[in-house]
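> For the sequence shown, our numbering assigns the number -19 to the initial residue and increments by one for each residue that follows.
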Amino acid sequence: MSYPGHYASSLEDPEAFWLAEAAKLAWFEAPSQALSKHASGEQRWFADGELNLSYLALDAHVADGRGEQTALIYDSPVTQVQQKFSYRELLEQVANFAGVLRAQGIRKGDRVVIYMPMIPQAAIAMLACARLGAVHSVVFGGFAAHELAIRIDDAKPAIVVTASCGIEVSKILAYKPLVDAAIEQANYKPRTVIVYQRDIKPAELDKAYDLNWQQEMEGAEPADCVAMAGTDPLYVLYTSGTTGKPKGVVRDSGGYAVALNYSMRVVYGLKPGDVMFTASDVGWVVGHSYIVYGPLIYGATSVLYEGKPVKTPDAGAFWRVCEEHKVTALFAAPTAFRALKKEDPKGEMVKRHNLTSLKRIFMAGERLDPPTYEWTRQVTGKPVFDHWWQTETGWAVCANPVGITEYPVKPGSATLPLAGYDIRILRANGSEADVGEQGDIAIKLPLPPGCLYTIWGNHERFQQGYFNEHPGYYTSGDGGYKDDDGYVFIMGRTDDVINVAGHRLSTGEMEEVIAQHRAVAECAVIGIADELKGQVPVALVITRDDNTVGEQQLQQELVELVRSDIGAVASLKVVHLVSRLPKTRSGKILRKLLRQIADADETGGDISIPSTIDDPACVEELKQVLQQRPLSA
-19 MSYPGHYASS
-9 LEDPEAFWLA
1 EAAKLAWFEA
11 PSQALSKHAS
21 GEQRWFADGE
31 LNLSYLALDA
41 HVADGRGEQT
51 ALIYDSPVTQ
61 VQQKFSYREL
71 LEQVANFAGV
81 LRAQGIRKGD
91 RVVIYMPMIP
101 QAAIAMLACA
111 RLGAVHSVVF
121 GGFAAHELAI
131 RIDDAKPAIV
141 VTASCGIEVS
151 KILAYKPLVD
161 AAIEQANYKP
171 RTVIVYQRDI
181 KPAELDKAYD
191 LNWQQEMEGA
201 EPADCVAMAG
211 TDPLYVLYTS
221 GTTGKPKGVV
231 RDSGGYAVAL
241 NYSMRVVYGL
251 KPGDVMFTAS
261 DVGWVVGHSY
271 IVYGPLIYGA
281 TSVLYEGKPV
291 KTPDAGAFWR
301 VCEEHKVTAL
311 FAAPTAFRAL
321 KKEDPKGEMV
331 KRHNLTSLKR
341 IFMAGERLDP
351 PTYEWTRQVT
361 GKPVFDHWWQ
371 TETGWAVCAN
381 PVGITEYPVK
391 PGSATLPLAG
401 YDIRILRANG
411 SEADVGEQGD
421 IAIKLPLPPG
431 CLYTIWGNHE
441 RFQQGYFNEH
451 PGYYTSGDGG
461 YKDDDGYVFI
471 MGRTDDVINV
481 AGHRLSTGEM
491 EEVIAQHRAV
501 AECAVIGIAD
511 ELKGQVPVAL
521 VITRDDNTVG
531 EQQLQQELVE
541 LVRSDIGAVA
551 SLKVVHLVSR
561 LPKTRSGKIL
571 RKLLRQIADA
581 DETGGDISIP
591 STIDDPACVE
601 ELKQVLQQRP
611 LSA
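1. How big is the Cα-Cα spacing for residue 547 and residue 22?
2. Output the distance between the C-alpha atoms of residue 136 and residue 194, rounded to the nearest integer angstrom.
3. I need the DSSP call for residue 111, collapsed to helix, strand or coil.
4. According to DSSP, is residue 342 part of a helix, a strand, or is it coil?
5. For residue 396 and residue 305, I'd like the C-alpha separation in whole angstroms.
6. Does the ligand ATP have a heavy atom nearer than 7 angstroms to the CB of residue 5?
7. Less than 8 angstroms between the C-beta atoms of residue 423 and residue 393, yes or no?
8. On the CB-based measure, 16 or more other CB atoms within 10 Å of its CB, does residue 144 come out buried or exposed?
9. Looking at the strands, I want to know which residues DSSP matches up with residue 485.
10. For the putative contact between residue 146 and residue 122, defined by C-beta atoms under 8 angstroms, what is the C-beta separation to the nearest angstrom?
11. Helix or strand or just coil, what does DSSP make of residue 523?
12. So if DSSP puts residue 556 in a beta bridge, which residue, or which two residues, is it bridged to?
13. Could you pull the start and end residues of the alpha helix (DSSP H) that residue 445 belongs to?
14. Going along the chain, which residues of its own chain have a beta-carbon closer than 7 angstroms to the beta-carbon of residue 63, five neighbours each way excluded?
15. By DSSP's criteria, residue 424 is part of a beta bridge. Which residues make up the other side?
16. Thinking C-beta only, is residue 353 closer than 8 angstroms to residue 377?
17. Excluding the five sequence neighbours on either side, which residues of its own chain have a C-beta within less than 8 angstroms of the C-beta of residue 500, listed in chain order?
18. Would residue 167 and residue 110 qualify as a contact pair, given that the criterion is a beta-carbon distance under 8 angstroms?
19. Could you check how far apart the C-beta atoms of residue 459 and residue 419 are, in whole angstroms? I think they sit under 8 angstroms.
20. By Cβ distance below 6 angstroms, which residues in the same chain neighbour residue 479 in space, the five residues on each side in sequence not counted?
21. Can you give, in chain order, each stretch of the beta strand (DSSP E) that sits fully within the stretch 170 to 240 and has at least 3 residues?
22. Which residues share a DSSP beta bridge with residue 52?
23. Assign residue 98 to buried or exposed, taking buried as 16 or more other Cβ atoms, counted over all protein chains shown, within 10 Å of its Cβ.
24. When the Cα atoms are used, what is the spatial distance from residue -1 to residue 12?
25. Does the beta-carbon of residue 379 have 16 or more other beta-carbons within 10 angstroms, so that it is buried, or is it exposed?
26. If you count every other CB in all the chains shown that lies within 10 Å of the CB of residue 559, and 16 or more means buried, which is it?
27. Quick one: grab the DSSP three-state call for residue -1.
Structural data, given as structure tokens:
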């Protein structure tokens, strides 16, 4: 079936469509119904089915005679260590650590916080929790103690699993003191902390609640899988919220497994046994879905990479991994490729590696600007695909369905809605926008399998945050439009639309124009308060390492470029060249923080630096440039 028919059937008969997809998995008890009403009133997936995601990811493959296939490749340029686990070996490690957790009293429904660097033990801990039916909550290793404490108080874990340290580009970060400080600050006290000791910096285990991972594993009794209902929670993953308090997105077991298995085939065009290199972190949804659960459930090989796109050791790191491990699909955020473009603008590092095995490159996490798309495609010679999804959805909402029908790429577009996602572009009054008209990107209910079904401990926040603005729809918080072919263009968060003298303008469009300039490596455009026009745009630009254009000339050229492509109405007159932009650890530019910095004088100076920021030191530099006045002169 071609993709139009495939997609139509998912909307016209979701019951039959998703039951057929569910049948591709090894359930303990196959579901008889796909979609049903939960007691809370929400629609839920596969409520009468029973399964276990650790079983799907490991035991099922061993039982099928594929136990010797490589499941996980650990590649760490920061420690110069590589390690491969077959499905059988990974199963043994996971079953034994599940036994450790069980010996500490962990049972179905208990919570476990995992605060780990990108090492195999992070994935082992996640899968061990899934094996027992415990709800894991992975917190990005290195988060400040205060932020970890907030998550401990919200999730109320019985156990925290951590490592003695993580390794940044230029330093070793001790984790155990951060965990101890978080527990001291938290009102809720976990009863046990299990510490994986890394040789590079072991931790002092001097608390009554401390246990040594390696010692506990020595005498561990392996644990079997616990049967989970399709609607039972698998994990809680915290994402930033508008109130400043993180939201605990809750993912179910059955719908998530079905959606991930489906996406590996349709979105990424992979076959069991292919190698997927997702350059993310298990602290983010991308790491959950496409480092751990998706590839392993599907029977692929997953690369777990402890390093950066650059400086570990250089801009050739990704390509080295692809060559050495015969990677089939590479997936990373656009910001990673912009970093590569900045340090290796001509793609010289790419030419040093044999990328014959690499079939496709995927990007998500933020809008893929056309210049980054074009650069990546040109220097690699590989097809490049944007796709759009969120922590809340767990897998792609829009993508090029290469596993069924590969469509021509339109730079700037995430291509087409995927199965079960009935995307509508809505005006503020709830009416549907015309073709080409920007509006709120919303999804007509019901959401397909794999999406969140509540916020941990706060179902009212779940309802208010996603469904109240446009009743009958999930409101994504992103804005965009559809073209004549039904392609979806994501232009950024709806609060990135600015109003200049009565004209609503997308800062994403301006960024797209600026990024086309040969000297620009990365940019961000924000709207700031202006007495005359209400708001005016200001551009922050990082130049490429090989840039030879003078600062004043570049500023003038960028202003003229926006004026030429968008028009004088854009009123871009201020361009600042900066060395850094504030980003989350997953690479998203923190535009809300930039606006706060710029408007600090107007708001009384309150600047809320989010816990997700990767480099807090950059704020001081940005204060110097963004708080200059007058800005619209």
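The beta-carbon is built from N, C-alpha and C at its ideal position, and this holds for glycine as well. Everything numeric in this text was worked out from a predicted model, so none of it was measured.
The short version:
1. Here residue 547 refers to the residue found at position 567 of the sequence shown. Here residue 22 refers to the residue found at position 42 of the sequence shown. Taking the straight line from one Cα to the other gives about 46 angstroms.
2. By one-based count along the sequence shown, residue 136 stands at place 156. By one-based count along the sequence shown, residue 194 stands at place 214. The alpha-carbon atoms of residue 136 and residue 194 are separated by roughly 25 angstroms.
3. Stepping through the sequence shown from its first residue, residue 111 is reached at position 131. In the three-state reduction of the DSSP assignment, residue 111 falls in the helix class, which pools H, G and I.
4. Numbered from 1 along the sequence shown, position 362 holds the residue referred to as residue 342. It is a strand residue.
5. Your numbering for residue 396 matches position 416 in the sequence shown. Your numbering for residue 305 matches position 325 in the sequence shown. Distance between the alpha carbons of residue 396 and residue 305 is about 31 angstroms.
6. Annotation note on the ligand ATP: not contained in the displayed structure, which lists no ligands.
7. Taking the first residue of the sequence shown as position 1, residue 423 is located at position 443. Taking the first residue of the sequence shown as position 1, residue 393 is located at position 413. No, the Cβ-Cβ distance between residue 423 and residue 393 is not below 8 angstroms.
8. Indexing the sequence shown from 1 puts residue 144 at position 164. That one is buried.
9. Numbered from 1 along the sequence shown, position 505 holds the residue referred to as residue 485. According to the DSSP secondary-structure assignment, residue 485 is paired through a beta bridge with 478.
10. Within the sequence shown, numbered from 1, the residue matching residue 146 stands at position 166. Within the sequence shown, numbered from 1, the residue matching residue 122 stands at position 142. Contact holds; Cβ gap of about 5 angstroms.
11. For the purposes of this step, residue 523 is taken as residue 543 along the sequence shown, with counting starting at 1. Residue 523 carries a strand assignment under DSSP once its states are collapsed to helix, strand and coil.
12. Here residue 556 refers to the residue found at position 576 of the sequence shown. DSSP lists 520 as partners of residue 556.
13. Against the sequence shown, residue 445 aligns to sequence position 465. First-last of the alpha helix (DSSP H) with residue 445: 439 to 446.
14. The residue you call residue 63 lines up with position 83 of the sequence shown. So the qualifying residues of the chain are 54 and 100.
15. Numbered from 1 along the sequence shown, position 444 holds the residue referred to as residue 424. Under DSSP, residue 424 takes part in a beta bridge, and its partners are 402 and 453.
16. Stepping through the sequence shown from its first residue, residue 377 is reached at position 397. Stepping through the sequence shown from its first residue, residue 353 is reached at position 373. Using a Cβ distance threshold of 8 angstroms, residue 377 and residue 353 do not count as a contacting pair.
17. Start at 1 with the first residue of the sequence shown, and residue 500 comes out as number 520. Correct list, in chain order: 351, 494, 521, 522, 523, 524 and 538.
18. Translated into the one-based positions of the sequence shown, residue 167 becomes position 187. Translated into the one-based positions of the sequence shown, residue 110 becomes position 130. Going by C-beta atoms, residue 167 is not nearer than 8 angstroms to residue 110.
19. Here residue 459 corresponds to residue number 479 of the sequence shown, with the count starting at 1. Here residue 419 corresponds to residue number 439 of the sequence shown, with the count starting at 1. For a cut-off of 8 angstroms, the C-beta gap from residue 459 to residue 419 is around 7 angstroms, short enough to register as a contact.
20. The residue labelled residue 479 in the question sits at position 499 within the sequence shown. If we look at residue 479 and ignore the five residues flanking it on each side, its Cβ neighbours are 514 and 515.
21. Correct list: 172 to 176, 190 to 192, 213 to 219 and 227 to 232.
22. As a first step, residue 52 must be located in the sequence shown, where it is residue number 72. DSSP output for residue 52 lists 65 and 282 as bridge partner(s).
23. Position 118 of the sequence shown holds residue 98. Residue 98 should be labelled buried.
24. Here residue -1 is taken as the residue at index 19 of the sequence shown, counted from 1. Here residue 12 is taken as the residue at index 32 of the sequence shown, counted from 1. Approximately 8 angstroms between the Cα atoms of the pair.
25. For the purposes of this step, residue 379 is identified with residue 399 of the sequence shown, where counting begins at 1. Counting the other Cβ atoms within 10 Å of the Cβ of residue 379 gives 16 or more, which makes it buried.
26. Within the sequence shown, numbered from 1, the residue matching residue 559 stands at position 579. Exposed, since its Cβ has fewer than 16 Cβ neighbours within 10 Å.
27. In the sequence shown, counting from the first residue as 1, residue -1 sits at position 19. Of the three classes helix, strand and coil, the one that applies to residue -1 here is helix, per DSSP.
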